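Trainee:
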Amino acid sequence: MLRSRPRPATVVALATTAVTVTALGTPSVAFAEGGELGGSGKSTEPGQSAFRQPDKSFAAYVGKNRSSNGHTMLGGFGHEPSSHWMEVVPAQDHPKGSEITVGSTGEADMPGKLTKIPQARHTYRYLTSNYSEFTGMPAPLTNGGLNEKGVAARDVWSNSRKELLDMTPKDQTGPQYSDLSRIAMERAGSAREAVEILGDLIDTHGYTTYGGNSHLFADAEEGWVLVEYAGGKGLWAAERLGPDDIRVSYPGYIKEFPTDAVEGKNPDFMGSENLVSFAEKKGWYDPSEDKTFNLQKVYQEPFPTKSFPVGKNADPKDPAPYRNPVSLEKEFAGLGKVRLQDMMRIVRDPRWSDDRSGYGQVAELDPGLPDPRLATLWTAPTAAVTAPYIPVAIGTGELPVEYTQHRYMTAGASAEYLDPEYAEQEATESATQTFKRLMYATCARPRLYLGDVTAAFEGFEAQQIKDWKQVQGKAEAAPDRTADILTGYTNEQALDGLRLGNHLLDDILSRSRAAKGGLREPGTGETPDDDGSTASARSRPMGLRGPESARDRMNCDVGGGWADGSSVDRAGHYGDPSEVPDYSDARVSGRTAASAERSGDSSWRNWAPWSIAAVSLLVAAGTVWHSRRRAGSP
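Residue numbering for the sequence shown follows the UniProt record's numbering, starting at 1 and increasing by one per position.
#1: Quick check: residue 386 and residue 453, are their CB atoms within less than 7 Å of each other?
#2: When DSSP labels each residue in this structure, what does residue 637 get in the three-state scheme?
#3: Assuming residue 251 and residue 158 make a contact with CB atoms under 8 Å, what is their CB distance in whole Å?
#4: Among the residues of its own chain, which have a CB less than 8 Å from the CB of residue 264, if the five just before and after it don't count?
#5: Just to confirm my understanding: we take residue 126, look at its own chain, exclude 5 residues before and 5 after, and list those with CB closer than 6 Å. What are they?
#6: Where does residue 417 land, buried or exposed, given buried means 16+ other C-beta within 10 angstroms?
#7: What is the DSSP secondary structure of residue 317, counted as helix, strand or coil?
#8: Starting from residue 280 and walking both ways along the alpha helix (DSSP H), at which residues does that stretch end?
#9: Going by CA-CA distance only, name the one from 575, 166, 415, 407 that's closest to residue 424.
#10: Starting from the Cα of residue 180, find the closest Cα among 217, 574, 582, 168 and give me that residue.
#11: Below 8 Å, how does it come out for the stretch 389 to 403 and the stretch 480 to 493: are there three or more Cβ pairs, yes or no?
#12: Taking residue 571 as the reference, which of 260, 166, 334 has the closest Cα?
#13: Using C-beta distances below 6 Å, list every residue in its chain close to residue 341, excluding the 5 sequence neighbours before and after it, in chain order.
#14: Would DSSP call residue 181 helix, strand or coil?
#15: How would you label residue 72, buried or exposed, when you count the other beta carbons within 10 angstroms and need 16 or more for buried?
#16: Please list the terminal residues of the continuous beta strand (DSSP E) segment that includes residue 73.
#17: Sort out for me which residues DSSP pairs residue 391 with in a bridge.
#18: Just to confirm, are residue 61 and residue 192 a CB contact at a threshold of 7 Å?
#19: Can you check the stretch 185 to 252 for any alpha helix (DSSP H) of at least 4 residues that lies completely inside it and give the ranges in chain order?
#20: By DSSP, does residue 508 sit in helix, in strand, or in coil?
#21: For residue 494, which of helix, strand or coil comes out of DSSP?
#22: Helix, strand or coil, according to DSSP, for residue 295 in the structure here?
#23: Please report the straight-line C-alpha distance between residue 243 and residue 64, rounded to a whole angstrom.
#24: Tell me whether the stretch 542 to 562 and the stretch 312 to 321 touch, counting them as touching only if at least three CB pairs, one residue from each stretch, are closer than 8 Å.
#25: In the DSSP output, what is residue 122 paired with across the bridge?
#26: Taking the continuous beta strand (DSSP E) assigned at residue 270, which residues delimit it?
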């Protein structure tokens, strides 16, 4: 299979091609005036209108003492109107003197210059979801993932105050958010080390911003939130998250910060040397008057949404619903001991998993794994609201070509011909496109279809969660076959999930066609009727017109999440395999329905070491029959 990383020529084309949609969006949502974190931050002058800037990505951390099995969890997704694809990146050795290109081009909304910094001699194996578009930042881009050392990473916007954006140099240099995310996956052996590595890089090479950003890192013992501020001054801060913490980044934030931490005297905080002194110089912090050094008030804008009580649905007119991480932390605390399924559901919640969500990821970090290759990142190929999670282990080999890069929604694709090297890869079905189509069909009539789609995918995943423990056990017992066993099951489930998606899509489109009025035809919207064009409404530009908000984008939120409530409201039961519809007639283009045709796919089922007890064999056999019956395998 061809590697999905674009060749250098393609990367340059992606970086330099003019595109009409940016990940920063057209005028973005306005921040709520009078939010709970206003005041001493002096973020706006009297009479100044609310500041507008991008809002992107979501992440949630659950410490090990807050989980049902003592495992730290980290979940979330990125917000990008872009193609996305999954990749298993192998560990690699690099020649002495190797360099990587970092930063942004002059085309970025906050322009910069590309520069080179040294690459590590050895980089770790990691799992990630790549994507192609964030204006001025060369592809492939990433928000994090999971590496072989058990470090999970998420990347989330963090809205720096307007004055910092205004002072950011137009020729800024240094790694940007995606560079930092990828470097953390390549080099970090712990969550703390991820912060240390990235902080040192910013101190040494600078930082390229798009308006402020944050990272959320986790390992089996703890988490760390890192915030990088705009301004071109190399400002950054980090806070440790312990085993009893729940943290949401939506946006990323840090509040009270001990000032001695910049001197390396606090084990729970880190920051750039100028973090405190710069705030004093600007008059944003006065140690003689301010009781605490609150980074949220000093360096950021208020949260986009005012605080809200647990269980309260957002105002239907709110352009930035639920974007208050402190309120969401209180809500998620109501789950009690959080399970893997709860975190999957949080990331899938229709309140924020929508057309802008590029994928869904959940990492469960088990300190007791006997083999690091068993560490797992549960990944949905696009927004999890209408896509299934697939377990991908560090030891997994190549993924089905359907889950790799395709030109659907890829930046620059409409202005370039296809490189023949990618012809057969592009000819295959794109999992991202299939599940995007399912989203549009479902979310066009969410009250009618969302419940069925959710039940199907949660039932599919419930069986996977049961299977996965057995798969890991078999892989552990056969170290020389670990990769084959893990790859076989993951590939089988990825393709079965795609078949299920095709079945649901066919069913929903058939039902919508049969409904009164049939499939909805697009109206002319704001396009004037007298513009002289003879093109029909179906041939008009399909992009959103005017200022974009979360409420304008395609979404399945029926008011507080699903028809039966939010992730917390639906806690407890998760999925019933018997509710998965019969999708035996569904197919993936170019593949038969039989699992056996996939090279190595059935090895996890067919191989059993002599040391496994007979009762385990019976259980495994039952699982084989059930799964193959669902998939229509012989």
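In this text, a Cβ means the ideal position worked out from N, Cα and C, and glycines have one as well. Treat the numbers as computed from the prediction; the structure is a model and nothing was measured.
Mentor: Here's the rundown:
#1: On the sequence shown, position 386 is the one that residue 386 refers to. On the sequence shown, position 453 is the one that residue 453 refers to. Closer than 7 Å, so yes.
#2: In the structure as shown, the chain starts at 1 and stops at 634, and residue 637 therefore has no counterpart that could be examined.
#3: Taking the sequence shown and counting its residues from 1, the one referred to as residue 251 is at position 251. Taking the sequence shown and counting its residues from 1, the one referred to as residue 158 is at position 158. Yes, residue 251 and residue 158 are in contact; Cβ-Cβ is about 5 Å, under 8 Å.
#4: Translated into positions along the sequence shown, residue 264 becomes position 264. If you ignore the 5 residues before and after residue 264, its C-beta comes within less than 8 Å of the C-beta of 270, all in its own chain and listed in chain order.
#5: Here the question's residue 126 lines up with position 126 in the sequence shown. The answer, listed in chain order, is 89, 145, 147, 185.
#6: Mapped onto the sequence shown, residue 417 falls at position 417. Exposed, since its Cβ has fewer than 16 Cβ neighbours within 10 Å.
#7: The residue given as residue 317 occupies position 317 in the sequence shown. Residue 317: coil per DSSP, three-state reduction.
#8: What you label residue 280 is simply residue 280 of the sequence shown in a count that begins at 1. Per DSSP, residue 280 belongs to the alpha helix (DSSP H) from 275 to 282.
#9: Counted from its first residue, the sequence shown places residue 424 at position 424. If we check each option's Cα against that of residue 424, 407 comes out closest.
#10: Stepping through the sequence shown from its first residue, residue 180 is reached at position 180. Ranking 217, 574, 582, 168 by Cα distance to residue 180 puts 217 first.
#11: With a cut-off of 8 Å on Cβ pairs, the stretch 389 to 403 is in contact with the stretch 480 to 493, counting three or more such pairs.
#12: For this step, residue 571 is matched to residue 571 along the sequence shown. Comparing Cα-Cα distances from residue 571 to each of 260, 166, 334, the minimum goes to 334.
#13: Residue 341 sits at position 341 when you count from the first residue of the sequence shown. Excluding positions up to five away in sequence, the list reads 574.
#14: Working through the sequence shown from its first residue, we reach residue 181 at position 181. Looking at residue 181 - three-state DSSP - the assignment turns out to be helix.
#15: Translated into positions along the sequence shown, residue 72 becomes position 72. Buried, by the Cβ-count rule.
#16: On the sequence shown, residue 73 is found 73 positions in, with the first residue counted as 1. First-last of the beta strand (DSSP E) with residue 73: 72 to 77.
#17: Position 391 of the sequence shown, counted from the first residue, corresponds to residue 391. Looking at the DSSP assignment, residue 391 forms a beta bridge with 378.
#18: Position 61 of the sequence shown, counted from the first residue, corresponds to residue 61. Position 192 of the sequence shown, counted from the first residue, corresponds to residue 192. Not closer than 7 Å, so no.
#19: DSSP runs (the alpha helix (DSSP H)) wholly in the stretch 185 to 252: 191 to 205.
#20: The residue you call residue 508 lines up with position 508 of the sequence shown. It is helical.
#21: Within the sequence shown, residue 494 is the residue found at index 494, counting from 1. Annotated three-state conformation of residue 494 is helix, per DSSP.
#22: Mapped onto the sequence shown, residue 295 falls at position 295. In the three-state DSSP reduction, residue 295 falls in the helix class (H, G or I).
#23: Looking up residue 243 in the sequence shown gives position 243. Looking up residue 64 in the sequence shown gives position 64. Using only the alpha carbons, I get a separation of about 5 Å.
#24: yes
#25: As a position in the sequence shown, residue 122 is number 122, starting the count at 1. Looking at the DSSP assignment, residue 122 forms a beta bridge with 93.
#26: Taking the first residue of the sequence shown as position 1, residue 270 is located at position 270. Residue 270 -> beta strand (DSSP E) spans 269 to 271.
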